[in-house]
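Asker: The opening residue of the sequence shown carries number 892 in our numbering; numbering runs sequentially from there. Every residue gets a Cβ at the ideal spot worked out from N, C-alpha and C, and that includes glycine.
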Amino acid sequence: MRNTRVISWIKAARKDFVEFPADVQLDMLSALTIAAEGGKSDSAKPLKGFDGGVFEIALRHRGDAFRVIYAVKVGTDIWVIHAFQKKSKAGIKTPHLEVNLVRERLRRLMEAIQ
892 MRNTRVISWI KAARKDFVEF PADVQLDMLS ALTIAAEGGK SDSAKPLKGF DGGVFEIALR
952 HRGDAFRVIY AVKVGTDIWV IHAFQKKSKA GIKTPHLEVN LVRERLRRLM EAIQ
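Spelled out as structure tokens, the structure:
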């Protein structure tokens, strides 16, 4: 039997996630399940600017880019911090506004869990 961790969602992230196309949602949930089982999907990578434990799943769908940010070192759950459709045309880098939002949500989440 696998030791699978619970996938928990910040409410705003879940709300944005359900607006993604169904195919994207399925692929993202598959990647999150791999994380919950202790692995890392090929579509997930560490999010730059964080001290580890924060990952970004990036998927392209019909010319659009979708991202989910999750944390593995907050309590015992896998926490989905943010979900968004990337609008920036300036390369693949995650926009600063989105990174700042992740920082704030992560800070508040860590305060609430402690």
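Buried or exposed for Leu997, going by 16 or more other Cβ atoms inside 10 Å?
Answerer: When all chains shown are included, Leu997 counts as buried.
Asker: Please return the same chain residues whose Cβ sits closer than 8 Å to the Cβ of Ile972, not counting the five positions on each side in sequence.
Answerer: Answer for Ile972: Ile901, Ala904, Val945, Ile960, Tyr961, Ala962, Val993, Arg996, Leu997, Leu1000, listed in chain order.
Asker: Measure the C-alpha to C-alpha separation of Ile898 and Ala927 and round it to an integer number of angstroms.
Answerer: For Ile898 and Ala927, the distance between alpha carbons rounds to 7 Å.
Asker: For Phe975, I'd like the list of residues in its chain whose CB is within less than 7 Å of its CB, leaving aside the five on either flank, ordered along the chain.
Answerer: Cβ within range, chain order: Asp907, Arg958, Glu989.
Asker: Cutting at 8 Å between CB atoms, please list the residues of its own chain near Val965, excluding the five before and the five after it.
Answerer: Excluding sequence neighbours, Val965 sits near Gly944, Leu997, Leu1000, Met1001, Ile1004.
Asker: Skipping 5 residues on each side, what residues in its chain have a beta carbon closer than 6 Å to that of Ala935?
Answerer: Closer than 6 Å at the Cβ level, and outside the excluded window around Ala935, lie Ala922, Phe946, Ile948.
Asker: Val915 and Leu938 look like a contact to me (Cβ under 8 Å); what is the Cβ gap, rounded to whole Å?
Answerer: That belief does not hold up - the Cβ atoms of Val915 and Leu938 are roughly 19 Å apart, past 8 Å.
Asker: With DSSP as the reference, please indicate the residues paired to Ile925 in a beta bridge.
Answerer: DSSP output for Ile925 lists no bridge partner at all.
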